[in-house]
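The opening residue of the sequence shown carries number 167 in our numbering; numbering runs sequentially from there.
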Amino acid sequence: SEENQPGWEYHDAELWDDAANAMDTLPFLRTTLRRAGLEDVVFPVVGRSALIAKAWATPLSFLFIDGGHTMEHALGDWRHWTPHLMAGGTLAIHDVFPDPADGGRPPFEIYQRALASDLYEEVATVKSLRVLRRV
167 SEENQPGWEY HDAELWDDAA NAMDTLPFLR TTLRRAGLED VVFPVVGRSA LIAKAWATPL
227 SFLFIDGGHT MEHALGDWRH WTPHLMAGGT LAIHDVFPDP ADGGRPPFEI YQRALASDLY
287 EEVATVKSLR VLRRV
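Next comes the structure, spelled out in structure tokens:
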């Protein structure tokens, strides 16, 4: 995320890989999954979202959208991944801010698209996280 980059408010120097000149959160994700006992149910897939979605064949029971905050990235994740979400599956969208002063609009806009599509019903709101169920 932009806010995690050097010089930004939420930057964590531990996540910075000097050799790659980029953020690398994958080792921390793997450690978290191991500690939580989730290695048998959560499988990180690393790559460009759109490319992975094109090759994806397994129906999803849970989809968490927390990618780029530009409209291009948020809408891309929405368009590429929601067709894989099975009926009854959970769609979670992070960084949904109804007030533009609180954060970027694209996650809020894809959340609005989901509700307007009549394919989703709202299940929960936890701070900036919206949880929906595909009907």
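For glycine and all other residues, C-beta sits at the position ideal for the given N, C-alpha and C.
Where residue i sits in the DSSP three-state scheme
{"i": "serine 227", "result": "strand"}
{"i": "alanine 267", "result": "helix"}
{"i": "alanine 179", "result": "helix"}
{"i": "glutamine 171", "result": "coil"}
Residues sharing a beta bridge with residue i, DSSP
{"i": "aspartate 284", "result": "In the DSSP output, where bridge partners are listed per residue, aspartate 284 has none listed."}
{"i": "leucine 298", "result": "Leu257 and Glu288"}
{"i": "alanine 186", "result": "For alanine 186, which the question treats as bridged, DSSP gives no partner whatsoever."}
Own chain partners of residue i with C-beta closer than 8 Å, once the 5 adjacent residues on each side are dropped
{"i": "leucine 226", "result": "Trp247, His250, Leu251, Met252 and Gly255"}
{"i": "valine 289", "result": "Thr256, Val297, Leu298 and Arg299"}
Cutoff 6 Å; reference residue i; Cβ partners in own chain excluding five residues on either side
{"i": "tryptophan 244", "result": "Ile276"}
Cα-Cα separation between residue i and residue j, rounded to whole angstroms
{"i": "histidine 235", "j": "isoleucine 259", "result": "11 Å"}
{"i": "leucine 279", "j": "histidine 239", "result": "Here the sequence assigns arginine to residue 279, which means leucine is not the residue at that position. If I take the Cα positions, the gap works out to 15 Å."}
{"i": "glycine 173", "j": "valine 301", "result": "42 Å"}
{"i": "aspartate 190", "j": "valine 208", "result": "18 Å"}
{"i": "aspartate 261", "j": "arginine 271", "result": "9 Å"}
{"i": "lysine 293", "j": "phenylalanine 263", "result": "9 Å"}
{"i": "glycine 242", "j": "phenylalanine 274", "result": "14 Å"}
{"i": "threonine 198", "j": "leucine 192", "result": "10 Å"}
{"i": "leucine 295", "j": "glutamate 175", "result": "20 Å"}
Cut-off 7 Å between Cβ atoms - residues of its own chain near residue i, not counting five sequence neighbours on either side
{"i": "glutamate 287", "result": "Leu298, Arg299 and Val301"}
(request) Could you name each continuous alpha helix (DSSP H) segment of 4 residues or more that falls completely within the stretch 193–256, going from the start of the chain to the end? (result) 215–221 and 237–247
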